[in-house]
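K.L.:
If you scroll down you'll find the structure; I have some questions about it.
There are 2 protein chains.
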Amino acid sequence: MPVTKSKTRVNAKEIKKKKNQLIYFFGRGQAEGNAQMKQLLGGKGANLAEMTRLGIPVPSGFTITTEACAFYYKEGKKWPAGLEKEIEQNLARLEKTMGSGFGQRENPLLVSVRSGAAASMPGMMDTVLNLGMNSEVVQGLIIKTENERFAWDAYRRFIQMFSNVVMGVSHETFEHILEKKKEQLGVKLDVELKANDLKEIVRQYKKAYEEATQEEFPSDPKIQLFKTINAVFESWNNPRAIKYRDLNDIRGLLGTAVNVQAMVFGNMGNTSGTGVCFSRNPSTGANQFYGEFLINAQGEDVVAGIRTPEPLDNLKKQWPVIYKDLLKIRTRLERHYKDMQDMEFTIQEGKLYLLQTRNGKRTAQAAVRIAVDMVKEGLLNQNAALMRVPAGQLTQLLHPSFDPKDHKKKIAAGLPASPGAATGRVVFSADDAEVWAKKGEKVILVRIETSPEDIGGMHVAEGILTTRGGMTSHAAVVARGMGKCCVAGCGDLQVDYHQKLFRVREVTVKEGDFISLDGSVGEVYLGSVKTVPPSLSGEFGKLMKWADQVRKLRVRTNADTPKDAQVAVGFGAEGIGLCRTEHMFFEGDRIIAMREMILADTKEERERALLKLLPMQRNDFYGIFEVMGSRPVTIRLLDPPLHEFLPHGQDSQQEMASVMNVPLERIREKVAGLHEFNPMLGHRGCRLGISYPEIYDMQTRAIMEAACRIKKKGKKCAPEIMIPLVGTEKELNVLKENMEKVIGQVFKEYHVTVPYSIGTMIEIPRAAVVADRIAKVAEFFSFGTNDLTQMTFGYSRDDAAGFISTYVAQGILEKDPFQSLDQEGVGLLMKHAIDIARKVKKDLKVGICGEHGGDPASVMFCHKIGMQYVSCSPFRVPVARLAAAQAAINEKD
Amino acid sequence: MPVTKSKTRVNAKEIKKKKNQLIYFFGRGQAEGNAQMKQLLGGKGANLAEMTRLGIPVPSGFTITTEACAFYYKEGKKWPAGLEKEIEQNLARLEKTMGSGFGQRENPLLVSVRSGAAASMPGMMDTVLNLGMNSEVVQGLIIKTENERFAWDAYRRFIQMFSNVVMGVSHETFEHILEKKKEQLGVKLDVELKANDLKEIVRQYKKAYEEATQEEFPSDPKIQLFKTINAVFESWNNPRAIKYRDLNDIRGLLGTAVNVQAMVFGNMGNTSGTGVCFSRNPSTGANQFYGEFLINAQGEDVVAGIRTPEPLDNLKKQWPVIYKDLLKIRTRLERHYKDMQDMEFTIQEGKLYLLQTRNGKRTAQAAVRIAVDMVKEGLLNQNAALMRVPAGQLTQLLHPSFDPKDHKKKIAAGLPASPGAATGRVVFSADDAEVWAKKGEKVILVRIETSPEDIGGMHVAEGILTTRGGMTSHAAVVARGMGKCCVAGCGDLQVDYHQKLFRVREVTVKEGDFISLDGSVGEVYLGSVKTVPPSLSGEFGKLMKWADQVRKLRVRTNADTPKDAQVAVGFGAEGIGLCRTEHMFFEGDRIIAMREMILADTKEERERALLKLLPMQRNDFYGIFEVMGSRPVTIRLLDPPLHEFLPHGQDSQQEMASVMNVPLERIREKVAGLHEFNPMLGHRGCRLGISYPEIYDMQTRAIMEAACRIKKKGKKCAPEIMIPLVGTEKELNVLKENMEKVIGQVFKEYHVTVPYSIGTMIEIPRAAVVADRIAKVAEFFSFGTNDLTQMTFGYSRDDAAGFISTYVAQGILEKDPFQSLDQEGVGLLMKHAIDIARKVKKDLKVGICGEHGGDPASVMFCHKIGMQYVSCSPFRVPVARLAAAQAAINEKD
């Protein structure tokens, strides 16, 4: 028995610590704790104390601190010295307050024992109700309540909960007894059981307990209590609680507190009840009291969902006085906490008790509305309102979502690679996607992984599902850029391109079957699910305006086309931080010229092919400059390895051979020659620019010719040319000199000049290490955190999704570093780079254009290390704006 | 004419600089310069001054400084102010010293004009002899020398040299005239031409000059001189000079000096001559005067190789007095410079002149012998001797080399991946290599790239040639480990596996044809070339002993087998710094058990397969421990991705299916499932250890069981277990805990304990960035600079050889960072890691086990940043020992 063990092991040193209070009492308007003490008392305990102080009716009780739980784990499951004594003292105080006796037959005190950590972990840890019951006490309860049935039912419930929570006896054992009894009696509902039936059930429950545990059911209420406290401590580290904390990023807590509270009963007849309510509508944010309740029920009955609860309006009708009290409490609590509250209440024989209050969870839409309304109502100032909306949630508002009323059959889960909801028929190739789409079908493109060749198919698809690749895989990056729903790295799927089907466990999905994707959570559903379109409220616009007023970081977007640029400007983008030029080479005839360039053996042939691409690229840039006006546009020169522009399949190579009128063998040889074992670390980026200067020359010319034409039309543009994959200062030097020559020529030909700058990506770890040298040459830095993360960790972003998820599950990584910047490692390297670079060039402009530019935590980090801007996909621009504002407010505070 | 231009552009500022001396005179026992002034006067000029000071007969002259050359380039090919005046002053001084007149008919002064930079660049820059000649002077020379033929021949030679060096007229133009003349006259040799014939040739030469340059041949000796000085300045940046400096890593020099010296003639008849001699034998190092000479010849005749020079012994016989003088000078110079000298001399009518002395180039064997002998002779102390031997040359002594007498036809060049020389018949697969070798054939294995599957074939091959991959590619690393000759990344070869042949330009080499490889220089020869075996001298041993006395770095080896370990211990290895365990999984039946493990779907199946591998691995380690005794043995747990252990070809997959009795489809699926786009950044190293803990558990058990068995035999061993690819402290934590559990069990089972430690590779950039955190857990660090370089630069070591060579050629990279550590970038990261790690763990043991551990410059860097040891392939151990000694000596000085 751990309790006595811990008692005997108390030593001198522990006794000295006695002055540390292990228990905080609350009751009758007075409390030792308060709402600030969440770390020590847990959220539930701190708020029970606070409500008590506010004079709100709360059943009296006490909270055992999270430090006691931490001690329990640290010292091999022993209690801290003095805990037992403090429990006894507080029990006595509780008895006195309630005027009843724990374990006494006359006027017995029953208690609830509930867990409660500093962060909300609903349903993850254990609770025992009606504790303090035994065969004597039940008799006293019958006398006290004059309700024999209630008393036996309470006893029955207690045995079941205690057996399950403390001793691990399965619920089924007890449900089985109950069902058998009902069968015997020919009744269907629990409520049809009489007092005597329940008494018999209690007998059978005890017997079942003895069989399962080989010991008698404890009748000493103190032993019941001590064992339950240990069970709650244990529940802190049960697998589902650990998993929950991992998934919800809850870290650094001491453990759970334990709340021991006098029982109140909502199931004492038709003047009793229990319910849950929100101070505002958690779905819409409307300022209306919202909730539901059940008459003659305990909280667990609401959760079990056997009876359908009634809306609060019915409470108003039936018990107007209680409703009024509750409404007062709602207003009181909301004004006190200055946030929307989620409350639990119980009515025992006409008397109202609050059992819990906490800040309520809400949809993004509700979060925005509540924040803005509360400013209107004078409850919050603008900055406080900005801090109230989780920036990451905002994307929910910009994409379609599934109709919550429609049924969903989940068949698999992957990474939430690009938010939104989509339904369509499955196709397995980009070509098929285009064919089906032309016929008017909505399609979902399912691939093991996508490549630049697939752009066309991705464009027409409603959504994209891949089995490999992580948050920064090709599919994920492109989908986010397009604002298209994508679930990536869904490893459970086995795709068979040949048979055009995929399997996931027992389910087989063939080409043409409907599936649905939720890119915001990364889930895949069988069949078609209804979607609802997004709608942006006026409150949203207001909140964004406030954010813009306070933030210091500028927010740009990653956009490759005038259309994307237009969308992003609509969302508030102040420039383009990354315009990739490679996607431009895939459309229509361009790919042919591009392939001619790649097949060329001499510089002259390459230049000839590039000359065909020049006017097309120039038009691309012209279109983007037109949209962006005087806003800066950072254009990254060609980055991917050349093999990505060649077809790899037998058929498509044959097709290329006929279109271009070259022998198939030539194409095969070129593909083989360009093959690399690790293309991410291969001949790409500025390495191509050095090997084939004519490529970057052409791109530079296209950019500056477009800029000169804009200028000649009397309009403005602000091109920034960015060189990818720079690792040494000399690479940049050589390329910059070449480019300046070309730019000089263009200016001469057009008889105008346009201001421009030439800068570099910082995406190779070495570039960050020697950033001071590179800063001598570069006119700006943009951190390419996708590649930087990839190389700093040595994780291929196309392959690593599998082991990264293992790492996150095991707590080796806190988060997928492709989703949220690894501040400790990659971040340190970035900070180093900025610090040494600014020593050389004080005002160096620094930004980020990796996918992290749209992740709130990463945006805050970028603010902290002194960047001037972040850049992210169009649909994440509002997220970045809000996160940047929150970073600025955090800094001020 | 640049000369006058420069004169007119002299400005006030430049005149003020006048006090900077631009010319240094030497003559008649006095000199303004000395041997310390190589940077300013070039090696030749400094040594001419020094010899003059020593009283050695040197034709008088003067040296124009390298600063003048630097000015010439910096200021757009202008001369510094005052240069012309200083030339005139020094010419006058020279005339006075010589008692002759420049451009005078009576007793004319002729001069030679020679380049000479601070570093020796033999034959790279230009020389003009006999300058000062015109149609007047030739008459005077006839009178002075009473040798009409000589005078006209001197004139002829001058015109040809001047025309070629200064005006770029081709040699062929003049050779053609000469040949035609000889044909006309029906003679074969130049010496058969009479004075009149030569006079006619001079006329024709001048005409040819005028035709080629459209101007008259300059008759003003000063103009001849000025133009020639400019031509020498220009020659500093001719393409072959630039290339030579690049290849020989000569950097940071100002330019070339110009040496103007009174002519002496070795071709004035049979009492004249010219020669080259070494103070010791440059091949063997033997302390014997060594050289050759030609009677009646100028230096160029020796170089041209038309007449065969005679050995010095003949000089001794013919001219004993001169020989004795030369011998005295040899001794004087060697004692003065304390190094073996390479000297040029001319005898003019019985009088000896020294034209040059410099430290002589020598073979590795000679370098060692000379250094050791000079200590014996009291010329050097031990440390000075250690500094005299270039550490990198030592590998020459440990491998076979080609017989220098045998003919070689070079067909291609690649990277010198693993030193040595090999001849054999070409095969194109590892299997073929084994088949041919069994038949007793010597084979050269030619592959696009090798993989672990090829180990068997590599083992039986004489040498390995690959077309892809760099200095740290699989082929290179494995070959060095085996001490086997390898040329890697030979991109000119086009290998056709199907037809079993390779092509390189016009040459086609088929299976079975002989080729030869020189892995020390990276060259490929057609046919069979004789090799000579290595032999280690007593001097080598002595030098190594001295090195061991002074060095602070310990030197370990990278060895995977008892045999390699034995070899390395023979070369002085003090431990194993890297024992790779993956190669152990390929031999015989092991690969089957390994594949069972990979195909397994459950942990239990994997454990069953691993149980088969356990005794094999245990035996491997036992054997290595036996060889190494109490020396530390660092064993790296499994590192490569699992797909490397599966066959990728159709046939071999079919074979595996029949051997293992599983469906082919199962194997194909597994291979496809394990495929990664960038395996270097994939699921390997400790990531496997986390996903499949049972693999590392088995390896840990095998290591410690072997160690316990050694202990039980009363012997010692010192295992260090090393975890690869760690990027976060938590990875190491999790794995270390697992391993300690296993080790505890093994100790319990064997009833003994063995001291051990658990450490980590630092090869992921992130690990270096957060090394302080990792140091909390790791008991030692070993830098894996292959991977660290790969990821810090973002260069795939299997793919990057191509663009790295472009980068090196263009000067973007100083060296291939896989050959010699990038101290600026990767090195900075290493230094950072050591510095922050030692703050946490003051005495943390730190070493390096990347291939850089055998590169002298890298070893010196490792010393500088405070490592305790380096580890390299067995055949580089002596290199590392010497480099470590040199680092320690450098530090002391």
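These protein sequence lines are chains A and B, in that order. In case it helps, my numbering puts the first sequence at residues 1 to 893. In case it helps, my numbering puts the second sequence at residues 1 to 893. By construction, the Cβ of each residue, glycine as well, lies at the ideal position given by its N, Cα and C atoms.
Helix, strand or coil: how does DSSP classify Asn287(B) here?
P.N.:
Taking the second sequence and counting its residues from 1, the one referred to as residue 287(B) is at position 287. Coil.
K.L.:
Just to make sure I have the definition right: I need the residues of chain B whose C-beta is within less than 7 Å of the C-beta of Gln868(A). Which are they?
P.N.:
Translated into positions along the first sequence, residue 868(A) becomes position 868. Going along chain B, no residue has its Cβ under 7 Å from Gln868(A), so there is no contact; the nearest lies around 24 Å.
K.L.:
Can you pull the chain B neighbours of Ala800(A), defined as C-beta to C-beta under 8 Å?
P.N.:
Taking the first sequence and counting its residues from 1, the one referred to as residue 800(A) is at position 800. In chain order: Leu681, Gly682 and His683.
K.L.:
Which term fits Pro719(A), buried or exposed, when burial requires 16 or more other beta carbons within 10 angstroms of its beta carbon?
P.N.:
Within the first sequence, numbered from 1, the residue matching residue 719(A) stands at position 719. It counts as buried.
K.L.:
Kindly list, in the order they appear in chain B, the residues whose Cβ is closer than 8 Å to that of Leu315(A).
P.N.:
Position 315 of the first sequence holds residue 315(A). Correct list: empty, because the minimum Cβ distance to chain B is about 51 Å.
K.L.:
Give me the subset of the region 730–751 of chain A whose CB atoms are less than 9 Å from a CB atom of chain B, sorted by chain position.
P.N.:
Here the close residues are Lys730, Glu731, Asn733 and Val734.
K.L.:
Given Lys17(B), which residues of its chain have a CB within under 6 Å of its CB, disregarding the five upstream and five downstream residues?
P.N.:
Within the second sequence, residue 17(B) is the residue found at index 17, counting from 1. Low per-residue confidence applies at Lys17(B): pLDDT is 36, beneath 50, and the placement is therefore not dependable enough to give any value.
K.L.:
Can you tell me whether DSSP reads Glu694(A) as helix, strand or coil?
P.N.:
Taking the first sequence and counting its residues from 1, the one referred to as residue 694(A) is at position 694. Here Glu694(A) sits in helix by DSSP.
K.L.:
Closer than 6 Å by C-beta to Phe585(B): which residues in its own chain qualify, once you throw out the five before and the five after it? Chain order, please.
P.N.:
Start at 1 with the first residue of the second sequence, and residue 585(B) comes out as number 585. Answer for Phe585(B): Met594, listed in chain order.
K.L.:
Spatial neighbours of Arg684(B) within its chain, please: C-beta separation below 7 Å, excluding the five flanking residues on both sides.
P.N.:
Locating residue 684(B) in the second sequence gives position 684, counting from the first residue. Correct list, in chain order: Asp639, Pro640, Pro641 and Leu725.
K.L.:
Using 7 Å as the threshold, is the C-beta distance between Met98(B) and Ala262(B) below it?
P.N.:
Counting from one through the second sequence, the residue named residue 98(B) turns up at place 98. Counting from one through the second sequence, the residue named residue 262(B) turns up at place 262. Taking 7 Å as the Cβ cut-off, Met98(B) and Ala262(B) qualify as a contacting pair.
K.L.:
Is there a Cβ from chain A that is less than 7 Å from the Cβ of Arg9(B)?
P.N.:
The residue you call residue 9(B) lines up with position 9 of the second sequence. Summary for Arg9(B): the model assigns pLDDT 37, below 50, so the residue's position carries little reliability; its value from the coordinates is reported in the next sentence. No - not a single Cβ of chain A is within 7 Å of the one on Arg9(B).
K.L.:
Taking Cβ positions only, does Met766(B) come closer than 7 Å to chain A?
P.N.:
Within the second sequence, numbered from 1, the residue matching residue 766(B) stands at position 766. The sequence given here places Arg at residue 766(B); Met does not occur at that position. Taking Cβ atoms only, chain A reaches closer than 7 Å to Arg766(B), which makes this a yes.
K.L.:
From Pro878(A) to Pro533(A), what distance separates their C-alpha atoms?
P.N.:
The sequence position of residue 878(A) within the first sequence is 878, counting from 1. The sequence position of residue 533(A) within the first sequence is 533, counting from 1. The straight-line gap from Cα to Cα measures roughly 18 Å.
K.L.:
From the beta carbon of Ser6(A), is the nearest beta carbon of chain B less than 7 Å away?
P.N.:
Here residue 6(A) refers to the residue found at position 6 when the first sequence is read from its first residue. Below a pLDDT of 50, predicted positions are generally treated as unreliable, and Ser6(A), at 35, falls in that range; no measurement from the model is reported.
K.L.:
In the DSSP assignment, find the beta strand (DSSP E) that holds Phe514(A) and state where it starts and stops.
P.N.:
One-based indexing of the first sequence puts residue 514(A) at position 514. From DSSP, the beta strand (DSSP E) with Phe514(A) extends over Phe514 to Asp518.
K.L.:
For Phe783(B), which beta-bridge partners are listed by DSSP?
P.N.:
Along the second sequence, read from residue 1 onward, the residue named residue 783(B) stands at position 783. Answer by DSSP bridge pairing, in chain order: Ile762(B) and Ile848(B).
K.L.:
Under 7 Å, CB to CB, which of the residues in the region 768–779 of chain A have a partner in chain B?
P.N.:
Residues Val769 and Val770.
K.L.:
Among the candidates Lys839(A), Leu788(A) and Lys841(A), whose CA atom is the shortest distance from the CA of Leu828(A)?
P.N.:
Locating residue 828(A) in the first sequence gives position 828, counting from the first residue. Closest by alpha carbon: Leu788(A).
K.L.:
Are the C-beta of Thr806(A) and some C-beta of chain B separated by less than 7 Å?
P.N.:
Here residue 806(A) refers to the residue found at position 806 when the first sequence is read from its first residue. Yes - at least one Cβ of chain B is within 7 Å of the one on Thr806(A).
K.L.:
What does a CB cutoff of less than 8 Å around Gly629(A) pick up in its chain, not counting 5 residues either side in sequence?
P.N.:
As a position in the first sequence, residue 629(A) is number 629, starting the count at 1. Hits under 8 Å: Lys715, Lys716 and Cys717.
K.L.:
Determine the DSSP secondary structure at Phe621(A), reduced to helix, strand or coil.
P.N.:
Position 621 of the first sequence, counting from 1, holds the residue named residue 621(A). Of the three classes helix, strand and coil, the one that applies to Phe621(A) here is helix, per DSSP.
K.L.:
What in chain B is Cβ-close to Ser796(A), meaning under 7 Å?
P.N.:
Indexing the first sequence from 1 puts residue 796(A) at position 796. Those are Glu676, Phe677, Asn678, Leu681 and Gly682, listed as they occur along chain B.
K.L.:
At the 7 Å Cβ level, is Ile812(B) part of the contact set with chain A, yes or no?
P.N.:
Mapped onto the second sequence, residue 812(B) falls at position 812. Closer than 7 Å to some Cβ of chain A, the Cβ of Ile812(B) qualifies, so yes.
K.L.:
Kindly indicate which three-state DSSP category Phe150(B) falls into: helix, strand or coil?
P.N.:
One-based indexing of the second sequence puts residue 150(B) at position 150. Residue state, collapsed to three classes: helix.
K.L.:
Could you have a look at Leu536(A) and say whether DSSP puts it in helix, strand or coil?
P.N.:
As a first step, residue 536(A) is located in the first sequence; it is residue number 536 there, counting from the start. Of the three classes helix, strand and coil, the one that applies to Leu536(A) here is coil, per DSSP.
K.L.:
Within 7 Å (strictly less), CB to CB, does Ala885(A) reach chain B?
P.N.:
The sequence position of residue 885(A) within the first sequence is 885, counting from 1. No, Ala885(A) does not count as interfacial toward chain B.
K.L.:
Using 7 Å as the limit for Cβ to Cβ distance, is Thr792(A) near chain B?
P.N.:
Counting from one through the first sequence, the residue named residue 792(A) turns up at place 792. Taking Cβ atoms only, chain B reaches closer than 7 Å to Thr792(A), which makes this a yes.
K.L.:
Run through chain B and tell me which residues come within less than 9 Å of Ile690(A), C-beta to C-beta.
P.N.:
Here residue 690(A) corresponds to residue number 690 of the first sequence, with the count starting at 1. Under the 9 Å cutoff, chain B gives Phe803, Thr806, Tyr807, Gln810 and Ile812.
K.L.:
Residue range of the alpha helix (DSSP H) that Pro320(B) falls in?
P.N.:
Mapped onto the second sequence, residue 320(B) falls at position 320. Looking at the DSSP string, the run of the alpha helix (DSSP H) that includes Pro320(B) is Pro320 to Tyr337.
K.L.:
Given this structure, state the Cα-to-Cα distance separating Leu813(B) from Met387(B), to the nearest angstrom.
P.N.:
In the second sequence, the residue the question calls residue 813(B) occupies position 813. In the second sequence, the residue the question calls residue 387(B) occupies position 387. Cα to Cα, the separation comes out at about 27 Å.
K.L.:
Assess contact between the region 825–841 of chain B and the region 771–790 of chain B, defined as three or more Cβ pairs (one per stretch) separated by less than 8 Å. Is contact present?
P.N.:
As far as the Cβ criterion goes, the region 825–841 of chain B touches the region 771–790 of chain B, which means the pair count is three or higher.
K.L.:
Hey, does Leu493(A) have any beta-carbon neighbour from chain B nearer than 7 Å?
P.N.:
Within the first sequence, residue 493(A) is the residue found at index 493, counting from 1. With 7 Å as the cut-off, Leu493(A) does not count as an interface residue toward chain B.
K.L.:
Relative to the alpha-carbon of Arg636(A), which residue among Gly489(A), Phe621(A) and Arg251(A) has its alpha-carbon at the smallest distance?
P.N.:
Along the first sequence, read from residue 1 onward, the residue named residue 636(A) stands at position 636. The option with the nearest alpha carbon to Arg636(A) is Phe621(A).
K.L.:
Excluding the 5 residues preceding and the 5 following Gln823(A) in the sequence, name in chain order all residues of the same chain whose CB lies nearer than 6 Å to its CB.
P.N.:
As a first step, residue 823(A) must be located in the first sequence, where it is residue number 823. Only Phe861 meet the Cβ criterion.
K.L.:
Around the C-beta of Glu891(A), are 16 or more other C-beta atoms found within 10 angstroms, so that it is buried, or is it exposed?
P.N.:
Numbered from 1 along the first sequence, position 891 holds the residue referred to as residue 891(A). Glu891(A) should be labelled exposed.
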